[in-house]
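What follows is a set of notes on a single structure, which appears directly below.
Structure (structure tokens):
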């Protein structure tokens, strides 16, 4: 069994590099690496929230693919001008299986 590790490449970029640019967080003992900077949008309840796609270190790579997850963070400070203070980035409110992505 081959699993996703920090030196794995997605879209030609090592997860180590993505972790430095987009970030990581831990949930229930699992490490998630964001594949993009979090962005603001409305959730299914039409409430403002932040979202990003992520992969989970240790997930099994099957036929060159690994699952991705949609991560949602609740906005806790609507008045801040600094997105870094808008959410509790270490504690997303949901992590949902999203799609698969190629591992190089």
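Numbering (my numbering), first residue to last: 450 to 553.
No residue lacks a Cβ here, since even glycine has one placed at the ideal position from N, Cα and C.
All values reported here derive from a predicted model rather than from experimental measurement.
- Contact between the segment 451-458 and the segment 503-512 is present, with at least three C-beta pairs closer than 8 Å.
- By the beta-carbon neighbour count (other beta carbons within 10 angstroms, threshold 16), residue 488 is exposed.
- Among the bridge pairs identified by DSSP, residue 479 is matched with 476.
- As computed with DSSP, residue 548 is found in a beta bridge with 517.
- For the set 522, 532 and 512, the Cα lying nearest the Cα of residue 451 is the one of 512.
- Ranked by Cα distance from residue 524, the first of 499, 530, 516 and 510 is 499.
- For residue 503, the beta-bridge partners assigned by DSSP are 483 and 518.
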